[in-house]
Structures are given as C-alpha cells and as structure tokens.
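Q: Right, I'll just put the structure down here and ask away after.
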Amino acid sequence: MATPQILPPEQQICFALYSASRSLTGRYRTLLAPLGITYPQYLVMLVLWESGTSTVSRLGERLELDSGTLSPLLKRLEALGLVVRGRSERDERVVEVALTPAGDAMRSQAPHITEQICAATGLPEAELMELQGQIAALAQRVRALT
C-alpha cells in the first residue's frame with residue numbers, strides 16, 4: 001500500500017480558500033475605510049439593508065457569528081450611529097437590531113463596493129456567481145460532516 005502523500009500548502013483547498021479570503025477581505029478593508037466600518041460590520045449592514053430589522057440571534061445564525069463576536073460588533077455600529085438595539089415588545093428576552101437613518105443612508109454606498117470587489121477578481125460575473133455557488137455548496141457539505 002502506498003504511503004499517503006502530504007500536499008504542500010499551495011495544493012491544499014483550504015489554503016487556497018484562506019488566501020483568497022485574506023486577499024478579498026483586505027480589498028474590502030480598503031473600500032470600507034472611508035465609511036468607517038469593518039468587513040464584519042459591513043456584513044451586518046448587508047443583512048439589515050435586506051431585512052430592515054433583525055434579532056441578534058438571527059444575525060448570528062445568518063452570518064455564522066457567535067454572541068461573543070457579534071455583541072461588540074453591534075455595540076460599535078451603535079456607537080457609530082448606524083444601528084439601534086432594543087428589547088422586543090413581544091418577548092423581552094429577545095434583542096432586536098434596526099437601522100438608523102444614517103445606517104439606511106449608507107446603503108447607497110453598497111453597490112459601489114460590490115462592483116469594486118467583482119472587478120478586483122478579474123472574473124466575468126457569470127463565472128464569479130458560479131464560483132460563489134460552488135464555495136457555498138462546499139461549505140454546506142463540510143458543515144454537514146459535523
């Protein structure tokens with residue numbers, strides 16, 4: 001029986017994903033700096049621009065962030081005047097997050113950021129969407145193993 005080969009980092013799928021993620025996140029950092037928010041904060045804003053409001057638990061599930069990461073992130077967005085947090089009127093155990101007018105106004109910047117990121121990849125839109133679908137499917141299959 002042959003001894004299993006150990007592949008160098010450049011041939012590992014995880015390293016390719018890690019490297020691409022770091023590069024894209026760095027590009028986001030540059031584009032988001034004028035807005036004064038980080039990439040994880042931008043993800044929260046994307047969800048809120050889509051839904052208007054959300055509970056903290058739904059945000060955590062959707063973005064795969066635990067409360068220890070999400071709570072300080074929301075606190076910073078609140079300090080920036082972009083979101084407000086408050087107890088649900090239906091269930092006081094539930095914390096809801098909503099956009100402020102300033103947070104909603106920031107939405108006009110989002111298409112510009114998306115366009116810049118897509119352009120930075122150098123891929124046609126159809127290929128980029130196919131790649132995103134393949135990566136999402138890979139993540140789902142790996143998640144199913146745990």
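Under UniProt numbering, the first residue of the sequence shown carries the number 1, and numbering increases by one thereafter.
Quick reminder that beta carbons are idealized off the backbone N, C-alpha and C, glycines included.
These figures come from a predicted structure and were not determined experimentally.
#1: Let me check understanding here. Comparing Cα to Cα, which of A16, Y42, P9 and S23 lies closest to I113?
#2: Whose CA, out of L138, I13, E78 and R93, lies closest to the CA of P101?
#3: Compare the Cα-Cα distances from T69 to each of R107, I6, T38 and A110 and report the closest residue.
#4: Cβ of G122 within 8 Å of Cβ of L80?
#5: In terms of residues, what are the limits of the beta strand (DSSP E) holding L99?
#6: In terms of residues, what are the limits of the alpha helix (DSSP H) holding R143?
#7: With DSSP as the reference, please indicate the residues paired to V84 in a beta bridge.
#8: Going by DSSP in three states, T3 sits in which element: helix, strand or coil?
#9: Okay, do the region 86–106 and the region 52–60 touch, 3+ Cβ pairs below 8 Å being the bar?
#10: V44 to S54, Cα distance in whole Å?
#11: Report buried or exposed for V142, applying the criterion of at least 16 other Cβ atoms within 10 angstroms of its Cβ.
#12: Exposed or buried, L48, counting other C-beta atoms within 10 Å across all chains shown (16 or more means buried)?
#13: Taking the continuous alpha helix (DSSP H) assigned at T30, which residues delimit it?
#14: Evaluate L74 with the Cβ neighbour count: other Cβ atoms within 10 Å of its Cβ, from every protein chain shown; 16 or more gives buried, anything less gives exposed.
#15: Since R27 and I117 are thought to touch, with beta carbons under 8 Å apart, how far apart are those beta carbons, to the nearest angstrom?
A: Per the coordinate set shown:
#1: In the sequence shown, the residue the question calls residue 113 occupies position 113. The residue from A16, Y42, P9 and S23 with its alpha-carbon nearest to that of I113 is Y42.
#2: Along the sequence shown, one-based indexing puts residue 101 at 101. Taking the Cα of P101 as reference, the smallest distance to any Cα among L138, I13, E78 and R93 is reached at E78.
#3: As a first step, residue 69 must be located in the sequence shown, where it is residue number 69. Nearest neighbour of T69 by Cα position, chosen from R107, I6, T38 and A110, turns out to be T38.
#4: As a working mapping, residue 122 is identified with position 122 in the sequence shown. As a working mapping, residue 80 is identified with position 80 in the sequence shown. No.
#5: Indexing the sequence shown from 1 puts residue 99 at position 99. Element bounds for L99: V95 to L99.
#6: By one-based count along the sequence shown, residue 143 stands at place 143. Start and end: E125 to A144.
#7: Indexing the sequence shown from 1 puts residue 84 at position 84. V84 pairs with A98.
#8: For this step, residue 3 is matched to residue 3 along the sequence shown. DSSP places T3 in the coil class of the three-state scheme, outside both helix and strand.
#9: Yes, since at least three Cβ pairs between the region 86–106 and the region 52–60 fall closer than 8 Å, the two stretches touch.
#10: To locate residue 44, count along the sequence shown from 1; it is residue 44. To locate residue 54, count along the sequence shown from 1; it is residue 54. Taking the straight line from one Cα to the other gives about 10 Å.
#11: Translated into positions along the sequence shown, residue 142 becomes position 142. Looking at its Cβ environment, which holds fewer than 16 other Cβ atoms inside 10 Å, V142 is exposed.
#12: Taking the sequence shown and counting its residues from 1, the one referred to as residue 48 is at position 48. Result: buried.
#13: What you label residue 30 is simply residue 30 of the sequence shown in a count that begins at 1. The continuous alpha helix (DSSP H) containing T30 extends over residues I13 to L32.
#14: Translated into the one-based positions of the sequence shown, residue 74 becomes position 74. Around the Cβ of L74, a 10 Å sphere holds 16 or more other Cβ atoms; the residue is buried.
#15: Translated into positions along the sequence shown, residue 27 becomes position 27. Translated into positions along the sequence shown, residue 117 becomes position 117. About 6 Å separates the Cβ atoms of R27 and I117, confirming a contact at the 8 Å cut-off.
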